[in-house]
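Note that the sequence shown covers residues 5 to 97 in this note's numbering.
Glycine included, every Cβ here is placed at the ideal spot set by N, Cα and C.
Worksheet: the structure to be examined is printed underneath.
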Amino acid sequence: MRATKIIFWILFVLAMVLITGDWLLQRVFQEKVPRVVMSSVSPDGKWICEIVDIEPSRFNYVLMVSAGRNRDGKQWGYGGEVYVCGMDSIPPS
Numbered sequence: 005m006r007a008t009k010i011i012f013w014i015l016f017v018l019a020m021v022l023i024t025g026d027w028l029l030q031r032v033f034q035e036k037v038p039r040v041v042m043s044s045v046s047p048d049g050k051w052i053c054e055i056v057d058i059e060p061s062r063f064n065y066v067l068m069v070s071a072g073r074n075r076d077g078k079q080w081g082y083g084g085e086v087y088v089c090g091m092d093s094i095p096p097s
């Protein structure tokens, strides 16, 4: 009886490891696809804000990008910040 319980628990733990391991491998090695959830430009046109969801991550990435311009009005480059926040903090679109 005791040997049967031990064998049962060994098989149960092995099955859980195999199931969880398969899920974890798919989660880690699955191709991550960025999707823009929301996008906005400041009234003066200097800042672009995008909320990007990178599937299958649990987080959204909020990109604040500033577009710099020289005296001729030509765009010369980008600089910005990336903020990471949980999925619950941003309502679904």
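In the three-state scheme derived from DSSP, where H, G and I count as helix and E and B as strand, residue 5 is classed as coil. Closest in C-alpha terms to residue 39, from the list 21, 55, 48, 5, comes 55. Rounded to whole angstroms, the separation of the alpha carbons of residue 7 and residue 17 is 15 Å.
With a cutoff of 8 Å on beta-carbon distance, residue 52 and residue 41 are scored as not near each other. Cα atoms of residue 20 and residue 43: separation of roughly 42 Å, rounded to the nearest angstrom.
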